[in-house]
Amino acid sequence: MSEHGSHPVCAKTATTSPASAQSPISRFHRIDSVSSCSSTASGQSQGSTNGKVLLFVPVAGSSLTASASRMEKAQKELDALIANGAKLPSRVMKELVNGEPIAWRYGAPEYVLTDLAYVKGRMRESGTTPLASYVEERCQTFIMEATHKARYDQWQSVCQETFYLQVNDEARVPGGSIFENDMLGLLYLGNVIKASVSADYEDRNESQDPRAELAEAFPDGFPMEVLDVFTEPPRCYFSWRQWGLFTGKYRGVKGDGSKVEIRGFAEMMLDASRIRSLRLFFRQRDLFDGLQQATDRVIPTRGRRESAATSFLSSTDAVSGRATRTASITVAPVMYNGSTPNSKTSDIIESLANFTLRQKSITGSRHDE
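Put into C-alpha coordinates, the structure is as follows:
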(Lines of atoms letter the chains of each structure in order from A and count residues from 1; the text may use other names and numbers.)
(Lines give C-alpha, C1' and ligand atoms only; values in the text may rest on other atoms or scores of the structure.)
Protein backbone atom coordinates (compact mmCIF):
# COMPACT_ATOMS: atom_id res chain seq x y z
CA MET A 1 0.00 0.00 0.00
CA SER A 2 1.65 3.21 -1.15
CA GLU A 3 1.46 6.04 1.35
CA HIS A 4 1.51 8.63 -1.40
CA GLY A 5 -0.49 6.76 -4.02
CA SER A 6 -3.63 8.11 -5.66
CA HIS A 7 -6.92 7.73 -3.82
CA PRO A 8 -9.92 6.17 -5.56
CA VAL A 9 -13.09 8.21 -5.39
CA CYS A 10 -15.35 7.16 -2.52
CA ALA A 11 -19.00 6.79 -3.48
CA LYS A 12 -19.87 9.83 -5.61
CA THR A 13 -17.80 12.99 -5.41
CA ALA A 14 -19.88 15.83 -4.04
CA THR A 15 -20.55 18.82 -6.21
CA THR A 16 -19.44 22.25 -5.19
CA SER A 17 -21.76 23.66 -2.55
CA PRO A 18 -21.83 26.93 -0.60
CA ALA A 19 -19.67 25.27 2.03
CA SER A 20 -17.10 24.40 -0.61
CA ALA A 21 -16.96 27.79 -2.27
CA GLN A 22 -13.64 29.53 -2.05
CA SER A 23 -13.24 31.84 0.90
CA PRO A 24 -12.42 35.50 0.33
CA ILE A 25 -8.73 36.12 -0.14
CA SER A 26 -7.20 37.11 3.17
CA ARG A 27 -4.49 39.71 3.55
CA PHE A 28 -2.70 37.22 5.81
CA HIS A 29 -0.25 34.58 4.69
CA ARG A 30 -0.01 31.76 7.17
CA ILE A 31 2.42 29.03 7.98
CA ASP A 32 0.15 27.28 10.41
CA SER A 33 2.65 25.28 12.44
CA VAL A 34 0.42 25.51 15.50
CA SER A 35 -2.92 24.73 14.00
CA SER A 36 -2.56 21.73 11.75
CA CYS A 37 0.85 20.17 12.11
CA SER A 38 1.38 19.81 8.37
CA SER A 39 4.74 19.00 6.82
CA THR A 40 6.67 20.63 4.01
CA ALA A 41 6.11 17.71 1.67
CA SER A 42 4.61 19.89 -1.05
CA GLY A 43 7.84 21.74 -1.63
CA GLN A 44 5.87 24.99 -1.72
CA SER A 45 6.25 27.83 0.71
CA GLN A 46 4.25 30.81 1.78
CA GLY A 47 5.18 34.42 1.83
CA SER A 48 6.06 36.51 4.84
CA THR A 49 4.93 39.89 6.04
CA ASN A 50 7.52 42.48 7.09
CA GLY A 51 10.17 39.78 7.35
CA LYS A 52 8.05 37.64 9.65
CA VAL A 53 5.96 34.54 9.09
CA LEU A 54 2.38 34.45 10.33
CA LEU A 55 1.74 31.18 12.12
CA PHE A 56 -1.91 31.21 13.05
CA VAL A 57 -4.91 33.45 12.38
CA PRO A 58 -7.54 32.22 14.84
CA VAL A 59 -9.81 35.24 14.47
CA ALA A 60 -9.83 38.25 12.19
CA GLY A 61 -6.98 40.59 12.95
CA SER A 62 -5.18 38.20 15.30
CA SER A 63 -1.96 36.41 14.48
CA LEU A 64 1.21 34.94 15.86
CA THR A 65 4.43 35.66 14.03
CA ALA A 66 7.88 34.13 13.75
CA SER A 67 10.84 35.95 12.30
CA ALA A 68 12.47 34.70 9.13
CA SER A 69 15.70 34.12 11.05
CA ARG A 70 13.89 31.92 13.57
CA MET A 71 12.34 29.88 10.76
CA GLU A 72 15.71 29.53 9.05
CA LYS A 73 17.32 28.31 12.27
CA ALA A 74 14.52 25.77 12.79
CA GLN A 75 14.89 24.55 9.21
CA LYS A 76 18.62 23.98 9.66
CA GLU A 77 18.03 22.02 12.86
CA LEU A 78 15.34 19.96 11.16
CA ASP A 79 17.57 19.24 8.15
CA ALA A 80 20.32 18.02 10.49
CA LEU A 81 17.90 15.64 12.22
CA ILE A 82 16.65 14.33 8.88
CA ALA A 83 20.23 13.73 7.78
CA ASN A 84 20.63 11.55 10.88
CA GLY A 85 17.60 9.45 9.98
CA ALA A 86 14.65 11.33 11.50
CA LYS A 87 11.32 10.88 9.69
CA LEU A 88 8.87 13.71 9.07
CA PRO A 89 5.12 13.27 9.55
CA SER A 90 3.58 12.17 6.25
CA ARG A 91 0.74 14.00 4.50
CA VAL A 92 -0.63 13.72 0.98
CA MET A 93 -0.40 17.13 -0.68
CA LYS A 94 -1.15 17.53 -4.37
CA GLU A 95 -0.91 20.59 -6.56
CA LEU A 96 -3.93 19.62 -8.67
CA VAL A 97 -7.28 17.98 -7.93
CA ASN A 98 -9.38 16.96 -10.94
CA GLY A 99 -7.14 19.12 -13.09
CA GLU A 100 -7.69 22.25 -11.00
CA PRO A 101 -5.08 23.96 -8.82
CA ILE A 102 -5.69 23.73 -5.08
CA ALA A 103 -7.53 26.72 -3.65
CA TRP A 104 -5.46 27.36 -0.53
CA ARG A 105 -6.81 29.79 2.04
CA TYR A 106 -3.46 31.43 2.73
CA GLY A 107 -1.10 29.75 0.30
CA ALA A 108 0.31 26.23 0.43
CA PRO A 109 1.09 25.23 4.04
CA GLU A 110 4.63 24.78 5.24
CA TYR A 111 5.32 23.65 8.81
CA VAL A 112 8.92 23.75 9.87
CA LEU A 113 8.29 24.44 13.56
CA THR A 114 5.74 21.70 14.11
CA ASP A 115 7.73 19.17 12.11
CA LEU A 116 10.72 19.97 14.30
CA ALA A 117 8.64 19.54 17.47
CA TYR A 118 7.25 16.27 16.08
CA VAL A 119 10.67 14.82 15.29
CA LYS A 120 12.12 15.81 18.67
CA GLY A 121 9.15 14.70 20.77
CA ARG A 122 7.57 11.66 19.11
CA MET A 123 7.22 8.42 21.08
CA ARG A 124 6.38 5.86 18.39
CA GLU A 125 9.31 4.59 16.35
CA SER A 126 8.76 5.37 12.67
CA GLY A 127 8.73 2.39 10.32
CA THR A 128 8.17 -0.20 13.04
CA THR A 129 4.36 -0.08 12.88
CA PRO A 130 3.18 0.35 9.26
CA LEU A 131 -0.52 0.36 10.19
CA ALA A 132 -0.02 3.17 12.70
CA SER A 133 1.93 5.14 10.09
CA TYR A 134 -0.88 4.61 7.58
CA VAL A 135 -3.61 5.76 10.00
CA GLU A 136 -1.51 8.73 11.07
CA GLU A 137 -1.08 9.82 7.45
CA ARG A 138 -4.86 9.76 7.02
CA CYS A 139 -5.19 11.96 10.12
CA GLN A 140 -2.43 14.37 9.11
CA THR A 141 -3.82 14.81 5.60
CA PHE A 142 -7.31 15.45 6.97
CA ILE A 143 -5.96 18.04 9.43
CA MET A 144 -4.07 19.84 6.68
CA GLU A 145 -7.09 19.95 4.36
CA ALA A 146 -9.56 21.02 7.05
CA THR A 147 -7.32 23.91 8.02
CA HIS A 148 -5.94 25.11 4.71
CA LYS A 149 -8.13 24.14 1.76
CA ALA A 150 -10.76 26.72 0.92
CA ARG A 151 -12.95 24.28 -1.03
CA TYR A 152 -14.43 21.18 0.54
CA ASP A 153 -14.80 19.52 -2.87
CA GLN A 154 -10.98 19.44 -3.08
CA TRP A 155 -10.54 17.41 0.10
CA GLN A 156 -8.93 14.09 -0.86
CA SER A 157 -8.73 12.53 2.60
CA VAL A 158 -12.47 11.98 3.13
CA CYS A 159 -15.57 10.60 1.44
CA GLN A 160 -17.12 13.99 0.87
CA GLU A 161 -20.78 12.89 0.82
CA THR A 162 -20.68 10.82 3.98
CA PHE A 163 -17.86 12.19 6.11
CA TYR A 164 -18.54 13.56 9.55
CA LEU A 165 -16.49 14.30 12.65
CA GLN A 166 -17.81 13.58 16.13
CA VAL A 167 -16.29 14.36 19.53
CA ASN A 168 -17.45 12.01 22.29
CA ASP A 169 -21.26 11.90 22.17
CA GLU A 170 -21.74 15.40 20.81
CA ALA A 171 -23.46 16.22 17.52
CA ARG A 172 -21.95 14.99 14.27
CA VAL A 173 -20.20 17.73 12.30
CA PRO A 174 -20.31 17.31 8.49
CA GLY A 175 -17.02 17.91 6.74
CA GLY A 176 -18.32 20.96 4.90
CA SER A 177 -19.19 22.56 8.25
CA ILE A 178 -15.66 22.37 9.67
CA PHE A 179 -14.14 25.83 9.58
CA GLU A 180 -10.47 26.68 9.18
CA ASN A 181 -9.81 27.44 12.84
CA ASP A 182 -11.85 24.60 14.31
CA MET A 183 -8.92 22.18 14.35
CA LEU A 184 -5.88 22.36 16.63
CA GLY A 185 -4.08 19.37 15.24
CA LEU A 186 -6.50 16.49 15.69
CA LEU A 187 -8.44 18.34 18.39
CA TYR A 188 -11.78 19.65 17.18
CA LEU A 189 -12.43 22.90 19.05
CA GLY A 190 -15.31 24.29 17.03
CA ASN A 191 -17.57 23.69 20.01
CA VAL A 192 -15.11 24.87 22.63
CA ILE A 193 -17.06 28.06 23.36
CA LYS A 194 -20.20 26.04 24.05
CA ALA A 195 -18.44 23.25 25.93
CA SER A 196 -17.78 22.96 29.63
CA VAL A 197 -14.85 25.31 29.19
CA SER A 198 -17.15 28.18 28.26
CA ALA A 199 -18.62 28.68 31.73
CA ASP A 200 -15.11 29.01 33.12
CA TYR A 201 -14.29 31.67 30.56
CA GLU A 202 -17.52 33.57 31.09
CA ASP A 203 -16.86 33.68 34.83
CA ARG A 204 -13.50 35.29 34.14
CA ASN A 205 -14.98 37.78 31.67
CA GLU A 206 -12.52 36.59 29.02
CA SER A 207 -12.95 38.15 25.59
CA GLN A 208 -10.26 36.24 23.70
CA ASP A 209 -11.19 33.13 21.78
CA PRO A 210 -9.77 30.16 23.75
CA ARG A 211 -8.55 28.69 20.45
CA ALA A 212 -6.38 31.78 20.02
CA GLU A 213 -5.10 31.36 23.58
CA LEU A 214 -4.07 27.80 22.84
CA ALA A 215 -2.23 28.86 19.70
CA GLU A 216 -0.43 31.59 21.64
CA ALA A 217 0.64 29.10 24.32
CA PHE A 218 2.40 26.80 21.83
CA PRO A 219 4.29 28.99 19.32
CA ASP A 220 6.79 26.17 18.69
CA GLY A 221 4.11 23.77 17.50
CA PHE A 222 1.57 21.34 18.91
CA PRO A 223 2.09 18.12 16.91
CA MET A 224 0.09 14.92 17.03
CA GLU A 225 0.97 11.29 16.51
CA VAL A 226 -0.84 7.98 16.41
CA LEU A 227 0.41 5.68 19.16
CA ASP A 228 -1.27 2.30 18.62
CA VAL A 229 -3.83 0.89 16.20
CA PHE A 230 -5.90 -1.95 17.64
CA THR A 231 -7.96 -3.08 14.63
CA GLU A 232 -7.46 -3.42 10.89
CA PRO A 233 -9.30 -1.31 8.27
CA PRO A 234 -11.99 -0.54 7.43
CA ARG A 235 -12.80 0.18 11.09
CA CYS A 236 -9.66 1.32 12.89
CA TYR A 237 -9.59 1.95 16.61
CA PHE A 238 -6.47 3.80 17.68
CA SER A 239 -4.90 5.86 20.45
CA TRP A 240 -3.21 9.20 19.84
CA ARG A 241 -1.47 12.03 21.61
CA GLN A 242 -0.74 15.71 21.08
CA TRP A 243 1.87 17.67 22.94
CA GLY A 244 3.69 20.95 22.98
CA LEU A 245 6.20 22.93 24.98
CA PHE A 246 4.64 25.82 26.89
CA THR A 247 7.01 28.47 25.54
CA GLY A 248 4.41 31.11 24.73
CA LYS A 249 1.89 32.90 26.94
CA TYR A 250 -1.35 31.73 28.48
CA ARG A 251 -3.64 34.21 30.22
CA GLY A 252 -0.79 36.67 30.50
CA VAL A 253 1.70 34.20 32.02
CA LYS A 254 4.92 33.43 30.14
CA GLY A 255 5.55 29.71 29.89
CA ASP A 256 8.56 27.90 31.36
CA GLY A 257 9.01 25.46 28.48
CA SER A 258 7.36 22.54 30.27
CA LYS A 259 5.52 19.93 28.21
CA VAL A 260 1.72 19.92 28.07
CA GLU A 261 0.17 16.77 26.64
CA ILE A 262 -3.28 15.41 25.91
CA ARG A 263 -4.17 11.85 24.90
CA GLY A 264 -7.26 10.33 23.40
CA PHE A 265 -8.86 7.45 21.55
CA ALA A 266 -10.50 7.40 18.11
CA GLU A 267 -12.59 5.36 15.70
CA MET A 268 -11.89 5.85 11.99
CA MET A 269 -14.07 4.29 9.30
CA LEU A 270 -12.26 3.93 5.97
CA ASP A 271 -13.46 3.30 2.43
CA ALA A 272 -10.75 2.85 -0.21
CA SER A 273 -8.24 4.80 1.91
CA ARG A 274 -10.62 7.71 2.47
CA ILE A 275 -12.21 8.52 5.80
CA ARG A 276 -15.96 7.95 5.99
CA SER A 277 -16.21 9.10 9.61
CA LEU A 278 -13.92 10.03 12.47
CA ARG A 279 -14.94 9.84 16.12
CA LEU A 280 -12.63 11.38 18.68
CA PHE A 281 -12.74 10.62 22.39
CA PHE A 282 -10.92 13.06 24.64
CA ARG A 283 -11.61 15.61 27.36
CA GLN A 284 -11.17 19.18 26.17
CA ARG A 285 -10.89 20.23 29.79
CA ASP A 286 -7.64 18.25 30.15
CA LEU A 287 -5.79 20.58 27.78
CA PHE A 288 -6.90 23.74 29.57
CA ASP A 289 -6.24 22.16 32.96
CA GLY A 290 -2.76 21.16 31.84
CA LEU A 291 -2.00 24.73 30.82
CA GLN A 292 -3.43 26.09 34.05
CA GLN A 293 -1.24 23.72 36.07
CA ALA A 294 1.77 24.90 34.08
CA THR A 295 0.99 28.54 34.82
CA ASP A 296 0.44 27.71 38.50
CA ARG A 297 3.94 26.23 38.61
CA VAL A 298 5.41 29.35 37.02
CA ILE A 299 3.74 31.90 39.31
CA PRO A 300 4.94 30.51 42.70
CA THR A 301 8.48 30.18 41.34
CA ARG A 302 8.51 33.80 40.27
CA GLY A 303 6.97 34.79 43.57
CA ARG A 304 9.78 33.12 45.53
CA ARG A 305 12.39 34.84 43.38
CA GLU A 306 10.78 38.24 43.87
CA SER A 307 10.45 37.67 47.62
CA ALA A 308 14.13 36.71 47.88
CA ALA A 309 15.13 39.80 45.93
CA THR A 310 12.92 41.98 48.13
CA SER A 311 14.42 40.53 51.34
CA PHE A 312 17.92 41.17 50.05
CA LEU A 313 17.12 44.78 49.17
CA SER A 314 15.43 45.35 52.54
CA SER A 315 18.40 43.98 54.49
CA THR A 316 20.77 46.09 52.40
CA ASP A 317 18.76 49.21 53.22
CA ALA A 318 18.84 48.36 56.95
CA VAL A 319 22.61 47.91 57.00
CA SER A 320 23.24 51.15 55.16
CA GLY A 321 21.00 53.07 57.56
CA ARG A 322 18.33 53.91 54.99
CA ALA A 323 14.72 53.61 56.04
CA THR A 324 13.04 50.40 54.97
CA ARG A 325 10.17 51.11 52.59
CA THR A 326 6.78 50.53 54.14
CA ALA A 327 4.76 49.82 51.00
CA SER A 328 3.31 46.33 50.88
CA ILE A 329 5.46 43.87 48.96
CA THR A 330 3.33 41.22 47.32
CA VAL A 331 3.28 39.20 44.16
CA ALA A 332 0.49 40.48 41.93
CA PRO A 333 -2.19 37.89 41.22
CA VAL A 334 -2.99 36.95 37.63
CA MET A 335 -5.66 39.33 36.38
CA TYR A 336 -8.30 38.67 33.77
CA ASN A 337 -9.93 41.32 31.63
CA GLY A 338 -11.90 43.71 33.77
CA SER A 339 -11.17 41.91 37.06
CA THR A 340 -9.77 43.61 40.15
CA PRO A 341 -9.37 42.38 43.74
CA ASN A 342 -12.29 43.37 45.93
CA SER A 343 -11.71 45.59 48.96
CA LYS A 344 -11.75 42.67 51.42
CA THR A 345 -9.07 40.82 49.46
CA SER A 346 -6.93 43.97 49.28
CA ASP A 347 -7.25 44.45 53.05
CA ILE A 348 -6.10 40.88 53.69
CA ILE A 349 -3.09 41.29 51.39
CA GLU A 350 -2.14 44.57 53.06
CA SER A 351 -2.50 43.09 56.56
CA LEU A 352 -0.29 40.13 55.70
CA ALA A 353 2.35 42.43 54.23
CA ASN A 354 2.34 44.70 57.31
CA PHE A 355 2.54 41.68 59.63
CA THR A 356 5.58 40.42 57.69
CA LEU A 357 7.30 43.79 57.98
CA ARG A 358 6.59 43.98 61.73
CA GLN A 359 8.01 40.50 62.29
CA LYS A 360 11.17 41.42 60.40
CA SER A 361 11.50 44.55 62.54
CA ILE A 362 11.13 42.57 65.80
CA THR A 363 13.64 39.96 64.67
CA GLY A 364 16.11 42.66 63.70
CA SER A 365 15.78 44.36 67.11
CA ARG A 366 16.49 41.08 68.95
CA HIS A 367 19.63 40.55 66.88
CA ASP A 368 20.81 44.09 67.74
CA GLU A 369 20.44 43.31 71.46
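Using the UniProt record's numbering, the first residue of the sequence shown is number 1, and each one after it goes up by one. Built from N, CA and C at the ideal position, the CB exists for glycine as well. Keep in mind that this is a model prediction, so the values were computed, not measured.
- Burial check for Asn98: the Cβ neighbour count within 10 Å stays below 16, so the residue is exposed.
- In this structure, the CA atom of Glu72 is about 19 Å from the CA atom of Gly248.
- With contacts defined by Cβ atoms closer than 9 Å, Gly257 and Pro223 do not form a contacting pair.
- About 5 Å separates the Cβ atoms of Phe246 and Ala294, confirming a contact at the 8 Å cut-off.
- Within the same chain, Cβ atoms closer than 8 Å to the Cβ of Glu216 are found at Leu64, Gly248, Lys249, Tyr250, the five residues on either side in sequence being excluded.
- Taking C-beta separations shorter than 7 Å and ignoring five residues to either side along the sequence, the partners of Val253 in its chain run Thr295, Val298, Ile299, Val334, following chain order.
- The bridge partners DSSP lists for Leu96 are Pro101.
- Nearest C-alpha to Asp220 among Tyr118, Glu145, Leu88, Pro233: Tyr118.
- By the Cβ-count criterion, Ser273 is buried, with 16 or more other Cβ atoms from all chains shown falling within 10 Å of its own Cβ.
- Straight-line spacing of the CA atoms in Phe281 and Val167 works out to 6 Å.
- Taking all protein chains in view, the Cβ of Asn84 is surrounded by fewer than 16 other Cβ atoms within 10 Å, so the residue is classified as exposed.
- In this structure Leu165 touches Val173 by the C-beta definition: roughly 5 Å separates them, less than 8 Å.
- Sequence-distant partners of Lys149 (beyond 5 residues in either direction) whose C-beta falls short of 8 Å from its own C-beta, in its chain, are Ile102, Ala103, Trp104, Arg105, Trp155.
- Note on the region 86-170: whole alpha helix (DSSP H) runs with a minimum of 4 residues are 112-121, 130-148, in chain order.
- Between the beta-carbon of Ala74 and that of Leu113 there is about 6 Å, and that keeps the pair under the 8 Å contact cut.
- If you draw a straight line from the Cα of Leu278 to the Cα of Arg241, it comes to about 16 Å.
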